[in-house]
Each structure stands twice: as structure tokens, then as C-alpha cells.
Amino acid sequence: MAHTVYISDDYDLQETMDNISARLSERGIRVIRGPKTIKGKKLVIPPEEYEKYFADVEVALFSSRSVCPAELIRCARKLKGLVCPTIGTDSLDMKTANELGIIVGNGACPENYIGMAEANVLLTLMLMYNPNKSMEIVQKNLLKPVESQHWARLLWQKTVGVIGFGRIGRAYIERLKGFDLRILVYDPYVKAEAIPAYAQITDLDTLLRESDLVNVFLPVNEETRDLVNDQFLSKMKPTAYFINTSRGQIVDEDALCRALREKRIAGAALDTFKVEPLPLDSPLREFGNLILTPHLIGHTLENQLAFADIGVENITRILNGELPLYCVNPQTEQRWRERLATLA
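Sequential numbering from 207 applies to the sequence shown in the working numbering.
This is the structure:
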């Protein structure tokens, strides 16, 4: 009997989803495609349609454009595993997956996290040097600034604060160490001995107070939602910069606008927003010292090609009773094995 998998739609990853679906179909696997996603809104499948889509599904792939709630997971009685094509798993109810013994794999490949790390170095240097102003001088044939009005700042000997020390955070500071700067790290779930010698672990208040640039690498959960609020930003230097390429829900966007408008921080860079694509009337668009990119700053051709390969590999492994290549919840393996035995 053929295996059955569910592949969600994603308007930003259409080629990837089509590629995964085609390759699985070629292997004789039955593929059920999810409803079309719409820009600016996460897809929520109505409960009355769960049976239609998930009655026979053994593995379901969800991107961040669709929601996979607890009720859906419980309804999918034959479900063995969940897969995300990218790193983020915030669209999945991980608590329910762990409770039911459902293994979860994601796309945390080197092409993904190294691309994000490199892109964060790019944003760091763009904030410090502001090349757009230099380009404007050439394009508009303007005079160069007098010495005292120069906008660029050296990264050398500055202090960079990193909040969250997962794969991307670690790869980011590995690439920064050659700039001869001070690196502070805050992550309450990481032991001090896990931090490399060229960085220093510290508390959040110290990091915010002393950093010339603060960068967050965090998932979305109850601890991190709106973490970057008025109180957070008020602890930063007025000359400091802020970067978020993780998830838009981490930042209170109104608070960030207030901080920029009142010049309580020097500038920021965002690759992700609470509503994506960023609405045309968003107040974030009014600031010249705010770099905005559409949640793809670290996406490269190599990265995009890898997403499809890893999606197929993770799904195939789970169907064969093997752990996915990049397992998000390895602590659930024993419960997963027990679930597989009951489904056999």
C-alpha cells in the first residue's frame, strides 16, 4: 500500500513545494497538496476539512505560511512525523507533537544557517557604514560630507551583543571574530562552557547597556513574543543599532518606531515582520535609518536548492522509520518508536 504525505502550499516557496511533491510522486508516494496560501495571512485549515486532508497522512510538511495546531495533529491518526522545509517550526504545535510521539524534522542545513550568518554580517556592516548614502552621492552628484559629518563607523573594537546562541548565532560570531571586536552573548539555555573563548556570556541588561549593535536569533514562543519592547529598547545606547532576521513576532513594531522616531537608538535592520509582506501603510517604512528586507536576506540559490533535497530526505526517512536528517525533538524518539509500533 502506497504511503501518503501532505505538502502545504507556500506562495514564497512554490518551486520548492512543487519539487518535493514531484520527487515523492515519482517514488510511488501519494501526495496530497494543501490549500493555496495568501500573502499577508497564515493559512488555517478549518477543522471540518481535517478528515479530507489528513485521514491517511503519515508525514505532513508545513512551512511558516500554514498553521498546524494541536487539533489537526490529533485528528491525523496515522501521522508519524512533521517536517518543515526551513529552520522555523513556530507554525507547528510542538507540545502536542512531543506528547503524541510525533517526530519533527526541519531544514537546518549549512546552506541555511551559514547563509543567514553571512547575511547578518552584511546587515551589521551596512548599519555601521551606510553604503546607501555613499551611493546617493554618486547617483545625485552631491558633495562629500565634511569630516565632522561623516556617517560611517568602524566595527573594529566595537561591542556586538548576540541574543540567542543556536546555529545561526554561533555561525554569525564565528564570522565576526576577525573584525577584532568584543562579543557578548545572552542565552539562558546555553552553558558558559559552550561559548567560544573569543566571546563572553552575560545577562540581558548588561548586553543591552554595553553593546553597540544588538542582534537577536530567537524562535517565537511565550518568552520571546514582543521581547523587543519599550523597556528593551530603552536599555540600549542611543548610538546602538538593532537587527532582527528571526521572526517578526519578537519585535513590538510600535515600540521600535517610537525608539527610532525619538532617536533613542541609531538605527535598525529587519528582515521579518509581524505581517508579511510588510503593509504599504506600515510606519516602519518612514525611517531612513531602518533597513527593510522581505524575509529573504539570507536566502541563496544554494539554500533554496537544499530545501527541496532536505524536505524529500526528511520525509523519506520518517516513512522508513528513521530519524529525520535534522531532528528538532530527538528527546521524543522513544515515544515515536512506540507510536510507530502501534501504527504498524
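From the three backbone atoms N, C-alpha and C, an ideal C-beta is built for every residue, glycine too.
Task: Residue of P252, K286, T292 minimising C-alpha distance to P275 - done: P275 has its Cα closest to that of P252, out of P252, K286, T292.
TODO: Select from I309, D215, V434, S272 the residue whose C-alpha is nearest the C-alpha of I456.
DONE: V434
Open item on the list: Residues in the same chain with beta-carbon distance under 6 Å from A266, minus the five sequence neighbours each way, listed in chain order, please.
Closed with: Closer than 6 Å at the Cβ level, and outside the excluded window around A266, lie Y212, L288.
- [ ] Locate the beta strand (DSSP E) running through L484, then write down its first and last residues.
- [x] Element bounds for L484: n/a, residue is neither H nor E.
- [ ] Grab me the residues of T365's own chain with a C-beta within less than 6 Å of its C-beta, minus the 5 sequence neighbours each way, in chain order.
- [x] The beta carbon of T365 is closer than 6 Å to those of R388, E416, S417, D418 in its chain, skipping five residues each way along the sequence.
TODO: Confirm, please, whether the CB-CB distance from K286 to E257 is below 7 Å.
DONE: no
Open item on the list: Assuming contact is defined by CB atoms lying nearer than 7 Å, are A405 and Y319 in contact in what I supplied?
Closed with: no
TODO: Would you tell me roughly how many angstroms separate the C-alpha atoms of S488 and R271, rounded to the nearest one?
DONE: 20 Å
Task: Q363 - DSSP class collapsed to helix/strand/coil - done: coil
Task: Of the residues V352, A208, G294, the one placed nearest C533, counting alpha carbons only - done: G294
Task: Three-state secondary structure assigned by DSSP to Y395 - done: coil
Open item on the list: Pop quiz: I309 and N535 are said to be a contact at Cβ under 8 Å. What is the actual Cβ separation, rounded to whole angstroms?
Closed with: 7 Å
TODO: Assuming T408 contacts L390 (C-beta within less than 8 Å), just tell me the rounded distance between them.
DONE: 5 Å
Task: CA nearest to the CA of G454, picked from T222, P483, L249 - done: P483
- [ ] Just the C-alpha distance for V327 and L361, rounded to the nearest angstrom, thanks.
- [x] 11 Å
Task: CB-CB length for I226 against V422, believed under 8 Å - done: In fact, because the Cβ distance is near 30 Å, the residues do not count as touching under 8 Å.
- [ ] State the start and end residues of the unbroken alpha helix (DSSP H) segment that holds G375.
- [x] 373-382
- [ ] Look up G311 in the DSSP assignment and give the residues it is bridged to.
- [x] V289, C533
- [ ] Please say whether C315 and I516 have beta carbons closer to each other than 7 Å?
- [x] yes
- [ ] Kindly give me the distance between the Cβ atoms of F448 and V481, rounded to whole angstroms, as I take these residues to be in contact under 8 Å.
- [x] Not confirmed; about 19 Å, so no contact.
- [ ] Just mark M341 as buried or exposed, buried being the case when its beta carbon has 16 or more other beta carbons within 10 Å.
- [x] exposed
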